[in-house]
Amino acid sequence: MSSKRTKYDYLIVGAGLFGSTFAYLASQAGKKCLVIDKRNHVGGCCYSRRSFGIDVHLYGPHIFHTSNKKTWEFVDSLSPMRPFYNQPLAFYRGEIFNLPFNMNTFRQIYGEYLPENIERLIKKDLILTDEPTNLEEYALATVGKTIYDKLIKGYTEKQWGKKCSDLPASLIKRLPLRMTYDNTYFSDQYQGVPKNGYDHLFNQLLKDCDVAVGYDYFGNPDLFSHIADRTLYTGRLDELFGEKTLEFRGLKFEHKILPVLNHQGCAVINYTDSCLPYTRITEHKHFNPVHDSKCCTIITYETPVSGSDTGAIECYPIPTERNLKLHEMYRGKVLNVIFGGRLADYRYYNMDATIEKAMQLWEREQMS
Ligand code: UDP
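Counted the way this note's numbering counts, the sequence shown spans residues 104 to 471.
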């Protein structure tokens, strides 16, 4: 093959949301892109695959939510979105509670139904610290000990594999706290899932690119270092230096087909007990009843594990001081590639932020 035919403007390492959005923008501007991924499919952790008429979110529930109209329209124009407002439940020692923390949750916990009474009861339960320095102190000072013990401590320590007192409060600030009877998990104006599944969305994003799945960037250094003018890398930065020192929290997923039509009555139940290993069970058909299967349902158990466990999917950067410093050090050392996305930036981005970051990178690229 002549070098001209194999030459790309961009090699994009990782076909997740960041890499695929960048690839889309670059290819629409006439750039020739090759997108590779070590998994055997595109879409990274956002990927869904239709089985028995159900879009199965293979890597846990992915609900797209944003308050940015432009970002919503970007996604919706590529793959039409179906409104979906997540209203997960929490299971703790045989009892069910509404999430996020709102008047329904408080009524279930305290038996009271008026906000002013609830506020009084929560206030009595607070454990105040001058300046909360970690997640535990922040939660105890904000929602009080009862809610912390039932709905936060077990779930968070399972999810992150660390004590709440060793985690930053920023992790839980993602969760709204409302004094209204509103069970909607996210507060964003636009919320939904792709009507035709995330696989359709990714096929649209990558429609004008060359895509090679099942290829590890580090497995073919001679080929990949010469194939394109520019490389966008979306993996973990320490791996660029042959190291694995940054900590990631991993997840394992176990999918089950059940011969019933409705297993749990909602898309997501969180298991906040510390004695159960899994944090969530997702029943996928509830995301998109339009494609409801008439013969069965599919559920997924989600169990947090160390990112270095065999078979673990590295999902969450763990933003401790040590890890953030290490990441800063790697950032400073990177040469010759541009990078971004949840793994490379070591940031807990939501999907909308991931898309917006990729858009910003593409804008900077055009100016460089
Ligand atoms: N969280 C919790 N109990 C729950 C759900 C969430 O304590 O039932 C806390 C936990 O610390 C978690 C954070 O809220 O890390 C953010 O949760 P979210 O559900 O947003 O995590 P994601 O869906 O992004 O994995």
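For glycine and all other residues, C-beta sits at the position ideal for the given N, C-alpha and C.
All figures in this text were calculated on a predicted structure; none of them were measured in a lab.
Judged by DSSP secondary structure, Asp158 falls within the beta strand (DSSP E) whose first and last residues are Ile157 to His160. With a cutoff of 6 Å, Ile157 does not count as near the ligand UDP, since its C-beta is closer than that to no heavy atom of the ligand.
Of the residues assessed, Asp269 falls on the exposed side of the cut-off, its CB having fewer than 16 other CB atoms within 10 angstroms.
Counting along the chain, the unbroken alpha helix (DSSP H) around Leu326 starts and ends at Pro324 to Phe327. Within a 10 Å sphere around the beta-carbon of Val363 sit fewer than 16 other beta-carbons, which makes this residue exposed.
With a contact defined as Cβ atoms closer than 8 Å, Met282 and Pro380 miss out at about 34 Å. Proximity of the region 155-164 to the region 391-408 meets the contact definition, three or more beta-carbon pairs being nearer than 8 Å. Per DSSP, Tyr288 is not a residue of any beta strand (DSSP E), being assigned neither H nor E. With a contact defined as Cβ atoms closer than 8 Å, Val316 and Arg142 qualify at about 6 Å. Restricting attention to beta strand (DSSP E) runs no shorter than 3 residues, the region 228-291 encloses none. The C-beta distance from Trp175 to Tyr293 rounds to 4 Å, short enough to fall under 8 Å.
Taking the CA atoms as reference points, Asp376 sits about 40 Å from Gln307. By the criterion of a C-beta distance shorter than 7 Å, Ala272 is surrounded in its chain by Pro235, Asn237, Leu238 and Tyr241, once the five residues flanking it on both sides are discounted. Applying a distance threshold of 6 Å between residue Cβ atoms and the heavy atoms of the ligand UDP selects Ala193, Leu202, Leu254, Ile255, Tyr258, Thr259, Gln262, Leu274, Ile275, Arg277, Leu278, Asn373 and Thr375, given in chain order. Annotation: Asp228 to Gly122 spans about 46 Å, alpha carbon to alpha carbon. Annotation for Val408: Gly353, Lys355 and Ala415 place their beta carbon closer than 6 Å to its own, counting only its chain and skipping 5 residues before and after.
At a Cβ-Cβ threshold of 7 Å, Tyr318 and Ile199 do not count as neighbours. Secondary structure of Pro362 (DSSP, three-state): coil.
A direct Cα-to-Cα measurement between Lys276 and Tyr288 gives close to 13 Å. Burial state of Gly147 is buried, judged by a 10 Å Cβ sphere holding 16 or more other Cβ atoms.
Under the criterion of beta carbons closer than 8 Å, Leu254 and Tyr213 do not qualify as touching, at roughly 13 Å. Apart from the 5 residues on each side of it in sequence, Thr259 sits with its Cβ closer than 6 Å to the Cβ of Cys267 in its chain, given in chain order. Tyr216 is classed as exposed because its beta carbon has fewer than 16 other beta carbons within 10 Å across all chains shown. In this model, Leu231 and Asn205 are separated by some 21 Å (Cα to Cα). Nearest C-alpha to Asp412 among Val246, Lys347, Asp313 and Glu424: Lys347.
Leu464 places its beta carbon 7 Å or farther from that of Ile330. Proximity of the region 424-441 to the region 328-344 meets the contact definition, three or more beta-carbon pairs being nearer than 8 Å. The region 443-453 makes contact with the region 420-431, as at least three CB pairs between them are under 8 Å. With a cutoff of 7 Å on beta-carbon distance, Asn207 and Asn286 are scored as near each other. Leu137 carries a strand assignment under DSSP once its states are collapsed to helix, strand and coil.
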